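Working notes, beginning with the structure itself.
What follows is the structure, given as structure tokens:
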């Protein structure tokens, strides 16, 4: 059959599909999602056994003031939007390279530093938005 494309998504069976962004903060189900990595031993009452993961936001390069302003404004908006759940979900980096240096560090996720699930990199801002998730 021509012009028919079948796309299948393969997600770990422990992932929970959420209907909106704020539902990601509900850890009462002890299921992994974009923001939480939960073990099978998760305690539904306290969410113990779940690791919170942040979302990095950065301009593509440190010298791009417009993209840095877009990134900072996005972080401010995102953390205000999620304040009732966690006021530092989104973390700003000075550049994409700065974020990569953080996650490629040999001790990343082994010490008390934040762990990241995703990154939003602003390549340009208004009026011609360009970003990578």
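Numbering (this note's numbering), first residue to last: 5 to 137. Quick reminder that beta carbons are idealized off the backbone N, C-alpha and C, glycines included. Since the structure is predicted, the reported quantities are computational estimates derived from the model, not experimental observations.
If you look at residue 76, you'll find it in the alpha helix (DSSP H) that goes 69-85. Boundaries of the alpha helix (DSSP H) around residue 105: 100-108.
Around residue 78, the same chain offers 61, 94, 124, 126 as residues with beta carbons nearer than 8 Å, after the five sequence neighbours per side are excluded. Take the alpha-carbon of residue 128 and the one of residue 44: they are about 41 Å apart. When secondary structure is reduced to three states using DSSP, residue 113 falls in the coil class, being assigned neither helix nor strand. Between the stretch 98-111 and the stretch 53-68 there are three or more inter-stretch CB-CB distances shorter than 8 Å, so the stretches are counted as touching.
Taking C-beta separations shorter than 7 Å and ignoring five residues to either side along the sequence, the partners of residue 137 in its chain run 122, 124, following chain order. Per the coordinates, the alpha-carbon of residue 68 lies some 18 Å from the alpha-carbon of residue 80. In this structure, the straight-line span from the alpha carbon of residue 36 to that of residue 73 is close to 32 Å.
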